[in-house]
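Contents: one structure, followed by commentary.
Numbering (the numbering used here), first residue to last: 17 to 139.
In structure tokens, the structure reads:
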């Protein structure tokens, strides 16, 4: 399961299974980064870690992963950056705009949007 380094699965004293994996260091600081997950069984902990790793790759956060899809990026941006700072009417407007964008180009990778811009404008 190792992506950028070693991984481990272990059982703590309280009986909870922990799974962890090293990912690539932070580019700005060089600090170590890890993804972790917990579960009642070893299999559950490893499954949760795999789901976290898959989401991490899908969002385009790894150097070897493809550019994220527009719909994934918009969802992350909206929930992590915009949603908390918007009034209710603005929030609804953003949500409607995101739905329209996803319908037109949500499945496309962000790095291919320049190439596909003619297709998007024609839709």
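The C-beta atom is built at its ideal place from N, Cα and C for all residues, glycine as well.
In this structure the stretch 89 to 100 does not lie against the stretch 49 to 56, because fewer than three pairs of beta carbons, one per stretch, are closer than 8 Å. DSSP places residue 102 in no beta strand (DSSP E); its state is neither H nor E. Of all C-beta pairs linking the stretch 96 to 113 to the stretch 60 to 69, fewer than three are shorter than 8 Å, placing the two stretches out of contact. Counting along the chain, residue 88 sits inside the alpha helix (DSSP H) bounded by residues 86 to 93.
In the three-state DSSP reduction, residue 128 falls in the helix class (H, G or I).
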